[in-house]
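In the numbering used here, the protein residues as written are 76 to 201.
Take a look at the structure:
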């Protein structure tokens with residue numbers, strides 16, 4: 076097999092398709108399992124057992140790409156939800172509650188300090 080295909084084309088295609096599958100499936104382990112099964116079938120159908128090392132490497136690459144995509148999407152979604160209060164979850168921004176910091180309820184968590192921000196409104200993504 077061509078060296079350029081092994082070290083450039085397949086890893087690049089793996090990264091791009093892992094990002095796309097992560098956006099569709101929303102599960103990095105499932106994305107890695109799909110890539111493992113596809114590369115395993117290709118390795119035995121076209122090549123021999125010596126390409127199993129590449130199958131494992133490409134599977135790890137797909138998993139890392141899907142994990143990074145999931146992390147970046149969560150960060151962007153949290154940032155977007157904190158800046159916009161258009162999701163009808165009755166959240167208030169941190170700035171409007173800073174004036175009411177003296178009116179803390181004793182039952183509220185210490186980490187929140189009486190401020191309700193909209194970072195926790197859309198937690199149920201899956």
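The C-beta atom is built at its ideal place from N, Cα and C for all residues, glycine as well.
The structure displayed is predicted, hence computed values, not measured ones.
Query	Result
What's the call for residue 77, buried or exposed, on a 16-neighbour Cβ count within 10 Å?	exposed
State buried or exposed for residue 96, treating a residue as buried only when at least 16 other CB atoms are found within 10 Å of its CB.	buried
Suppose the cutoff is 6 Å on Cβ atoms and the five residues either side in sequence are ignored; what does the same chain contact list for residue 130 look like?	114, 115, 118
How is the alpha helix (DSSP H) around residue 145 delimited, first residue to last?	127 to 158
Count the other CB atoms, across all protein chains shown, that sit within 10 Å of the CB of residue 167; report buried if there are 16 or more and exposed otherwise.	Bear in mind that the predicted position of residue 167 carries a pLDDT of just 49, short of 50, making it unreliable; the figure below should be weighed with that in mind. With fewer than 16 other Cβ atoms within 10 Å, it is exposed.
Could you spell out where the alpha helix (DSSP H) holding residue 202 opens and where it closes?	Because residue 202 is not part of the residues shown, which for the chain are 76 to 201, the question remains open.
Buried or exposed: residue 120, going by 16 or more other Cβ atoms within 10 Å of its Cβ?	exposed
Please list, in chain order, all residues of the same chain as residue 110 whose beta carbon is under 6 Å from its beta carbon, the five residues on each side excluded.	134, 137
Could you spell out where the alpha helix (DSSP H) holding residue 118 opens and where it closes?	103 to 121
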